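To convert a position in the sequence shown, counted from 1, into this note's numbering, add 2.
Just so you know, even glycine gets a beta-carbon here, dropped at the ideal spot from N, CA and C.
Nothing here was measured: the structure is a model prediction, and the numbers come from that model.
Okay, so here's the structure we're looking at.
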Amino acid sequence: MITEKMNYKMKVWKKGACVLAAVLLSINLSAQDLRKEYPKSFTVKVTNPLGQERESAPVYLNAQELQKKYPNFNTKAFVVLDGKTEIASQYNQKDGDKPGVYLVLDKMAPKATRTLTVRYKENGETSRNYTKRTQAELSHKVGGEFKDRKYIGGAFQNVDSLRVPDEVTDHSYYIRYEGPGWESDKVGYRFYLDWRNGTDVFGKTIHDMVLQKAGQDGYDSYHELQDWGMDVLKVGKSLGVGTLAHFHNGTANRMAETDSMISVITENGPVYSSIRTNYYGWKIADMNLNINSNINIHAGTRLTHHQVGIAGDKPQNLATGLIKDKRAKLHTKKGGNGEWGYIATYGKQSLNGEGDNLGIAVLFRPQDFMEFTTDEHSHVVKLKPNGNKLEYYYLAAWELEPEGIKDEATFLQYLDKTARELANPVQVKF
């Protein structure tokens, strides 16, 4: 005897099966029609120069080179194939540091070369629906007003850019989680878009994008473990992880005094996201600097890439580093011989309960290295800008993340492997 409840379940199952069949059919049709939909094509050879396997290898096809070699390439209608497999990709339009096609190869064998095919149609616009593995966002309140430098009333609204109001200070309750946020499917970050300008870490327990949930129900909620993770790092007066500073009179000085700050979400794509922030009139050590900061992250990595441009006076150093925590052991390498240098700590320095294992690190080019030093709050590395530019990477690895690193030895192996990969990026040849 079939009950009403059983009959309902059978209807739901049949409906689900039909939907699944339709999805599978659309996928098959899509695969069969790619050549027809995107009739033009060219190939790109991607080589791993290292004798070690790489994971989440970024591949970047520069916009200027693409335009020169393939002037009819349509940035609004293309796909990238690895053999017959479509690879998630995007075209960066607003990112001035990495304009062009961007994609990530999840694995590359040692010394391997892969031939990718880029297919496109010369006219029109089509979009592909890829799983979102990165995110960048900036959200502030609207509909309220400032009173005594606190924002009263209003509701959060995501925006693409923000000129920080002069009233904003720490805990003004104006910007959700107090600054821009960015994440991959491994880890999330934020920095305080006020006088503190420190970088913090959101540890994640899931691969999904989560920043849109943070700070929606009160500023303190993300300091406790949520179903997606939590804020795992104490920043305070320190450099947190990777905060830009200038070392002067024995102290790493963050960008505390500026005339104005403007932050822009430059890319918010499935495999690459970035944020540009301009700091005008940074007053430090009798200097007046304008700083252009571009931070970006790609799918499958813990690494944030920080590219810094400097105008105005010429500083003798820029500095960055990590918070001092008695529970964490310090590790340093100057780099060289085919690997970047790093400053790192590992130990039970997470803010979760009694503390989970958390590793944090900054990686830098050996030619930029000046010295390792310290101040009251931070482990510091001093770096020499090259031609008014500087770049470095920083990362956090929390043991509770999916497939997380759970011990110091594994963390150091991961750092050494990453240092070699940064010194030997994948080679791209049109």
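1) Drop a sphere of 10 angstroms on the beta-carbon of Gly302, count the other beta-carbons inside from all chains shown, and report buried for 16 or more, exposed for fewer.
2) Could you have a look at Thr412 and say whether DSSP puts it in helix, strand or coil?
3) Can you check DSSP and say which residues form a bridge with Phe432?
4) Go through the stretch 248-328 residue by residue and report every complete run of the beta strand (DSSP E) that reaches 3 residues or more, in order.
5) Which of helix, strand or coil does DSSP assign to Gln92?
6) Can you give me the start and stop residues for the alpha helix (DSSP H) that Lys2 sits inside?
7) Applying the criterion that 16 or more other CB atoms from any shown protein chain within 10 Å of the CB defines a buried residue, is Arg278 buried or exposed?
8) Can you name, in chain order, every residue of its own chain whose Cβ lies under 6 Å from the Cβ of Tyr395, other than the five neighbours on each side?
9) Using the Cα positions of Lys70 and Ile154, report the straight-line distance between them to the nearest angstrom.
10) Which residue wins for smallest C-alpha separation from Arg56, given the options Val166, Phe432, Asn426?
11) Quick check: what's the CA-CA separation for Gln159 versus Lys143?
12) For Ile89, which residues in the same chain have their Cβ closer than 6 Å to its Cβ, ignoring the five residues on either side in sequence?
13) Ile267 and Ala138 - do their beta-carbons sit closer together than 8 Å?
14) Using a Cβ distance threshold of 8 Å, determine whether the stretch 395-406 contacts the stretch 205-214, with at least three qualifying pairs required.
15) Apart from the five residues just before and just after Met232, which ones in its own chain have a Cβ nearer than 8 Å to its Cβ?
16) Report yes or no: do the stretch 310-317 and the stretch 327-344 share at least 3 C-beta pairs separated by less than 8 Å?
17) In angstroms with no decimal places, state the Cα-to-Cα distance between Thr260 and Gly244.
18) Excluding sequence positions up to five away, which residues of its chain have a Cβ less than 7 Å from the Cβ of Lys47?
19) Excluding the 5 residues flanking Val380 on each side, which residues of the same chain have their C-beta closer than 7 Å to its C-beta?
20) Ends of the beta strand (DSSP E) at Trp184?
21) Let me make sure I understand the geometry here. Which of Ala346, Asn390, Ser276 has the alpha-carbon closest to that of Asp97?
22) Alpha carbons only, please: which of Arg37, Gly181, Ser91, Gly53 is nearest the one belonging to Ser265?
23) Roughly how many whole angstroms lie between the Cα atoms of Ile29 and Lys391?
24) Looking only at C-alpha atoms, which of Ala111, Ala399, Val120, Gly102 sits nearest to Thr87?
25) Using a 10 Å radius around the Cβ and a threshold of 16 neighbouring Cβ atoms, would you call Asn298 buried or exposed?
26) Classify Leu26: buried if its beta carbon has 16 or more other beta carbons within 10 angstroms, exposed otherwise.
27) Would you call the stretch 406-421 in contact with the stretch 340-347, where contact means no fewer than 3 C-beta pairs closer than 8 Å?
Short version:
1) buried
2) helix
3) DSSP, once it has assigned bridges, lists no residue as partnering Phe432.
4) 253-256, 262-270, 274-286, 289-300, 306-314, 320-325
5) strand
6) Outside the displayed span of the chain (3 to 432) sits residue 2, for which this structure offers no information.
7) buried
8) Leu305, His307, Leu365
9) 52 Å
10) Asn426
11) 6 Å
12) Val82, Leu105
13) yes
14) yes
15) Phe204, Gly205, Tyr224, His225, Glu226, Leu353, Asn354
16) no
17) 19 Å
18) Thr115, Thr117, Lys431
19) The question names Val, yet the displayed sequence has Ser at residue 380. Cβ neighbours of Ser380 beyond the five flanking positions: Ser240, Leu241, Ala254, Gly323, Leu324, Ile325, Lys326.
20) 183-186
21) Ser276
22) Gly181
23) With a pLDDT of 44 at Ile29, under the threshold of 50, the modelled position of that residue is not reliable, and no figure is offered here.
24) Val120
25) buried
26) Low local confidence applies: a pLDDT of 41 at Leu26 is under 50, so the model's placement there is unreliable, and no value is given.
27) yes
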